[in-house]
Amino acid sequence: MSAGYDTSCTTLSQDGRIYQLEYANKAIENSSTVLGIIFKDGVVLISEKIKETKAIVSGSNPTVYSVAPHIGMAICGLLPDGRNIVSRAKLEAKEYLKNYGIPISGQILSERLSIYVHAHTLHWGARPFGACVFISSYDTDKKYHLYMLENSGNFYEYYSCATGKGRQIVKSTVEKDNFAIRDNLIQDGLKKVLKIIIKSYEGEKDTEYDVGIISSGSNNRHTVIEHNIISTEVEKLKESKIGRASCRERV
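Residue numbers for the sequence shown follow the working numbering, so the first one is 26 and each next one is one higher.
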């Protein structure tokens, strides 16, 4: 029991927990799945979107954004909270370029955003963000980077990471073949991780996917793939899966 320690994000429980932060984290764990992974020639962000009703226009309410020409960001959790972080990220990138004359790196952006996010766990008039963000970048070291910023303010750099409802399936599958998958080019690897994230959803509602890519093929600039291109590829993967299943049934 929380014993009253959950009335404020500024109060630590007797065992050192911040209950408000844990409640906010539940919003992330129960949201649609988001995956980030570094391939041989780039880095990819994939966000699953569950359509609550068929009346929703496809492609609306995006979850993957371009923060700067070389930096992308994906949201997992409460989208309004995530868009707040995205807006802050765009401001940080703009101010850094203005003040120093060079583009901000993914690590520096993650550090600055971590301070902003952590501040929302320290003040009575604020609440923890019910969202975390994935940050992909291509920096001056000529390497691709992937960071995940948690709603506590912690951030880590990853080769691959996932969160949301289907995180267990995605993590276990990707991490099991981590080096084999990461050794692929994006053209081949994207199909493999799309299959995994499609498999992770067990509901009956329609789903769609937002995809952001930084690769050598796009001159190492972040590009959000057009919705109709991803939808076509997803339908092909689903049809091939159904086809294989029907073949097994006939056998």
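Ideal Cβ placement from N, Cα and C applies to all residues, glycine included.
Please classify residue i: is it buried, with 16 or more other beta-carbons within 10 angstroms of its beta-carbon, or exposed?
i: residue 197; result: exposed
i: residue 61; result: buried
i: residue 204; result: exposed
i: residue 169; result: buried
i: residue 80; result: exposed
i: residue 45; result: buried
For residue i, name the three-state secondary structure that DSSP assigns.
i: residue 185; result: strand
i: residue 154; result: coil
i: residue 92; result: strand
i: residue 262; result: helix
i: residue 272; result: Confidence at residue 272 is low in this model, with a pLDDT of 34, below 50, so its placement is unreliable and no value can be given for it.
i: residue 141; result: helix
i: residue 267; result: Any reading at residue 267 must be qualified, since the residue scores a pLDDT of 45, below 50, and its modelled position is unreliable; no value is offered.
i: residue 102; result: strand
i: residue 112; result: helix
i: residue 162; result: strand
Give a yes or no on whether the C-beta atoms belonging to residue i and residue j are separated by under 8 angstroms.
i: residue 191; j: residue 225; result: yes
i: residue 209; j: residue 65; result: yes
i: residue 88; j: residue 72; result: yes
i: residue 180; j: residue 130; result: no
i: residue 94; j: residue 246; result: yes
i: residue 115; j: residue 92; result: yes
i: residue 102; j: residue 53; result: yes
i: residue 70; j: residue 236; result: yes
i: residue 262; j: residue 219; result: yes
i: residue 189; j: residue 75; result: no
i: residue 100; j: residue 107; result: yes
Would you please verify whether the beta carbon of residue i is less than 8 angstroms from any beta carbon of chain B?
i: residue 193; result: In the structure shown, chain B does not exist; there is a single protein chain.
Which one of the options has the shortest CA to CA distance from residue i?
i: residue 250; options: 263, 264, 231, 212; result: 212
i: residue 182; options: 68, 189, 124; result: 68
i: residue 156; options: 178, 137, 43, 165; result: 178
i: residue 33; options: 222, 147, 227, 214; result: 147
i: residue 223; options: 194, 200, 207; result: 194
i: residue 82; options: 232, 57, 186; result: 232
i: residue 176; options: 257, 221, 217, 144; result: 144
i: residue 132; options: 151, 201, 149, 98; result: 98
Where are the alpha helix (DSSP H) runs, 4 residues long or more, that stay fully inside the region 172-255, in chain order? 192-201, 203-207, 211-225
In chain order, which continuous runs of the alpha helix (DSSP H) of length 4 or greater are located wholly inside the region 27-76? 44-54
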